[in-house]
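Protein chains in written order, with this note's numbering: chain W, 16 to 276; chain Z, 16 to 276; chain C, 16 to 276. Every residue gets a Cβ at the ideal spot worked out from N, C-alpha and C, and that includes glycine.
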C-alpha cells in the first residue's frame, strides 16, 4: 500500500504526467498515485518548493514524493534521493527540496547515478519520466536507497525573502497566491506570538490596510479586506467572498507589514 | 476496496486538495480516492449541489463523498454525515446536500461533534482537511457513523429556480453550463412526457429559438442550435460543434421556455 | 491490479469524467484509474490520437485505455475494442486509434454490439459513460473480448500531414503544442538520421530560423529559439525559458523545414 505523489510544472492534463504514471505502474502496478499538483508555474522552483513544504508531510510515512520542476534538465545538475523526516523525495537538486530541508535536516542524501533503476533509454529532455519515475517506483517496492547512487553532500539552496522584526513591526512578503486569490505571506503565527491580534494590529500590503488579525474569513462582511492566520499557520490577506489578488492587483513578492498601535 | 470521492471549489491542482488526500491516506492507505471535481466556482454551493446530485450515485455502494464548498468555515454552521440512498456524504450543512436530499430522504444524519476522529489540531479556516478528510477516512475503515456525533435534525435547504407548467408551456431555467458550453436546464424528460418532440415543439432561450427536441447532437448541421434530452435526463441547448454558452452569451439563470404549436 | 486509463475532451474537472469513474468502480472496485488527459480540445480527434500514440504504451501490459473524443455520438459510428501491441483500447471508431494502428497492426478488432456489458439504460449522448466505461470495467475483470461483439474489419483512418524528404531538405509540420508551448513536429530523429546536427543544420518555422539541433533546452541562453530532439523522438522548437507558441504566435499546422548548408 505504498504511495507515490507527483509534483510538476507540466500543467494538469499534460500527457507528460500520464507518461510518468505509466512508467511507474509498469514497475509497480500496486502503488497508489496521487497528484500533489501539476500547476506549478513553468520552471518556478520556488513555488514547487513551497507546495512540497506545505503538503508532503501530511502523507503516510515512507511516501515517495517525486518533484519535477527542472529547467536544468540535460545539464549536469544532480538528481537526488532525500529522506527528510518520515518522507522520501526524488527531485533535481535545484532548490526544490530546500524549503523542507531548512526545517528538517535530511537524514539521507543520495545522488542518482546508478542507471540500473532507470529506463533503458534515457532522453536528454525528460528525466522525470526516464529517471525519476522508475526510481520512485523501485523505491515504492522497497529497494534500499543506497543502491541508487553515491552519497550527496548537501542540497542546493534558494534565496528566500526574509522576514525582519524590529522596532515593534514585522516586515514580510507575499510568497504565494492560492487558488482563491488569498495572499499568503511568510509571516508565521509564531512571529506574531502573544502580541495583540485585535484592532490594535495593523496589516499593510501595497496601498491597502486592515486592522485586526482574525481566525476565519467569515467573521467580516463580503468585500472586506481581512488578515487571517491561515491553515498553514501563516498570515494571509483575503477579500471576503472575492479574489484578493485579482481585486487588489497584488502578486507574489509584494511587501506586507504588521505593526501595532 | 472502499472509495472516497472529493468535491471542492479549491481548483484543480490546488495543494489544499493534495493535503486532504495526504490526511486520508495517512489514516487509510488502502482507500481509492477519486476527484469528483475541484472546479466548482468559488463558494458556489448550488453548482456543488448539482454535481453531487448528478454523479454521486454512480459510485459503488457505501462510497464516502466528501464535499467542501464552505464559505462559512469557522462559523457555527454544522458539518454533517448523511446517508442518502446507498451512498455516504460528509459536508458542511449549507445546502450542498439539499438537491440529493430533495430526491431521496436521508436515512441517517449526524452532526460531527466528536473530535476523536478529527486531526489533533483543527485550524479555523480549513475544516476540509482537519475534520472532513479524517472523518471520511475513518468511515472508509468501517467505523459506525453514530460515533461521529449527535443526531442532526434536518439538512439546510437552498432555493432553486422552479419549473412552471401551465397553459401548454413549460417555463424553466438554465441551471448549469457544462465544459462543452452546453446549456443544461431544470426541465426534465418526465416534464415533457409524451408531448410531441418533433418540429411542433418550440424551445426559446433568450432571443434564440429552435424547433424539435432531439436525442443526439450529431443529427443536425454544425453551428445549428439544437435542443436535446441530455445524458442526465434534462433538456439541454447546444450549438452543434461549438460552445453554446460562449457563442450565444448565455449564462446560468437564463429562462428557457418550451411550447407546442 | 489492472489499470484503466481515460482520455477525453470533457475538460479536467468535468463531472462527466467522474460519472465514468463511478460506473467503472461500481463494476470493478479494485481497478486502478489513471487520467491520461481530459484536456483534448473539444472534438479534436487528431490531438486525442496523438496523446494515445505517445503515452499508452508506457502502461503495464493489458491496460485498458478508454478514449472518448466522440463528436459522432448517437450516430451509427462504431465503438470498438482493439488490441494493439500489448495494450487494449475502447474507443469510437473515428480515427482516435489510427495513429497507434499505423505503427502497430491491431491483433484483434471487435465492434461493441453486445449490450450485456453496457449499462441497462443507454443515453444517446454519452456512450462514454453508458457503453465504454462498463465495457472497460468488464475487460479489467478479465472477460474475453470476443464476448463484446462481432469482429470489426478495419479501423477508420485520418489524414495526417505528411513529411516530404527531397533535395536535401525535410518538409514537416507542427502537429502539437505542449503545455510549455514547445512546438512539436512530425519530423523524427530517424528522418534526420546521421546528417549533421551542428550549426550546418538550419530549421525554419514561419519567419523564424535557428541553426543546430540540440539534445537539451538548457544548452542555450534564455529567450533563444532552439531546435531539440524531444523526449518523444521528434523535432521540437522551443524558446529557452519561455512559451514558444505564444511568443512566436505559431500554432498546429505551421510548416517546418530542416535543411543543411
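Judged by beta-carbon spacing, residue 28/W lies beyond the 8 Å limit of residue 72/W, meaning their Cβ atoms are not closer than that value.
Straight-line measurement puts the Cα of residue 259/W at about 14 Å from the Cα of residue 250/W. In this model, residue 218/Z and residue 49/W are separated by some 45 Å (Cα to Cα). Interface annotation, residue 232/Z: in contact with chain C, CB-CB separation under 8 Å. For the stretch 142-170 of chain Z, the beta-carbon criterion of a distance under 7 Å to any beta-carbon of chain W is satisfied by 144.
Within the DSSP secondary-structure output, residue 50/C pairs in a beta bridge with 21/C. Shown here, residue 191/C sits in a strand according to DSSP, grouped into three states.
Residues of the stretch 242-274 of chain Z with a Cβ closer than 7 Å to any Cβ of chain C, in chain order: 243, 245, 246 and 256. Under the three-state reduction of DSSP, residue 214/C is assigned to coil, being neither helix nor strand. Contacts with chain W (Cβ-Cβ distance below 7 Å) from the stretch 51-83 of chain C involve 51, 52, 53, 54, 66, 69, 70, 73, 74 and 75, listed in chain order. Exposure of residue 76/W is indicated by the presence of fewer than 16 other C-beta atoms within 10 angstroms of its C-beta.
Taking 8 Å as the threshold, the shortest C-beta distance from residue 139/Z to chain W falls below it.
In the structure shown, the three-state DSSP call for residue 60/C is helix. Against residue 27/Z, the close residues of chain W are 27 and 54, in the order they occur along the chain (beta-carbon pairs closer than 8 Å). At a cut-off of 8 Å, the C-beta of residue 46/Z has no neighbouring C-beta in chain C. Cβ-Cβ distances below 7 Å link residue 248/C to 203 and 204 in the same chain, with the five nearest sequence neighbours on each side left out; the list follows chain order.
In the DSSP assignment, residue 149/Z falls within the alpha helix (DSSP H) that extends over 148-155. Boundaries for residue 158/W: no alpha helix (DSSP H) harbours it, and the DSSP string shows neither H nor E there. Contacts with chain W at 8 Å (Cβ-Cβ) do not include residue 219/C.
Shown here, residue 270/Z sits in a strand according to DSSP, grouped into three states. Taking C-beta atoms under 8 Å as the contact rule, residue 74/C and residue 23/C fail to qualify, at a distance of about 17 Å. The three-state secondary structure of residue 115/W, taken from DSSP, is helix. Between the stretch 78-90 of chain W and the stretch 102-117 of chain W there are three or more C-beta pairs closer than 8 Å, enough to call the two in contact.
Three or more pairs of CB atoms, one per stretch, sit closer than 8 Å, so the stretch 116-125 of chain C contacts the stretch 150-170 of chain C. The shortest CA-to-CA distance from residue 108/C to any of 147/C, 53/C and 216/C is the one to 147/C. If you ignore the 5 residues before and after residue 179/Z, its C-beta comes within less than 7 Å of the C-beta of 186, all in its own chain and listed in chain order.
Between the alpha carbons of residue 212/Z and residue 272/Z lies a gap of roughly 14 Å. Of all residues in the stretch 112-124 of chain Z, none is placed with a Cβ closer than 8 Å to any Cβ belonging to chain C.
In the three-state DSSP reduction, residue 242/C falls in the strand class (E or B). Assignment of residue 99/Z by DSSP, reduced to helix, strand and coil, places it in the strand class. Nearest to residue 154/W by C-alpha distance, out of 232/W, 90/W, 40/W and 237/W, is 40/W.
In the structure shown, residue 164/Z adopts extended strand secondary structure according to DSSP, grouped into three states. Nearest to residue 199/W by C-alpha distance, out of 214/W, 246/W and 183/W, is 246/W. Cβ proximity to chain Z below 8 Å picks out 86, 87, 88, 89 and 90 from the stretch 85-108 of chain C.
From the beta-carbon of residue 194/W, the residues of chain Z found nearer than 7 Å are 25, 26 and 29.
Residue 223/W: not part of any alpha helix (DSSP H); member of the beta strand (DSSP E) spanning 223-226, first to last residue.
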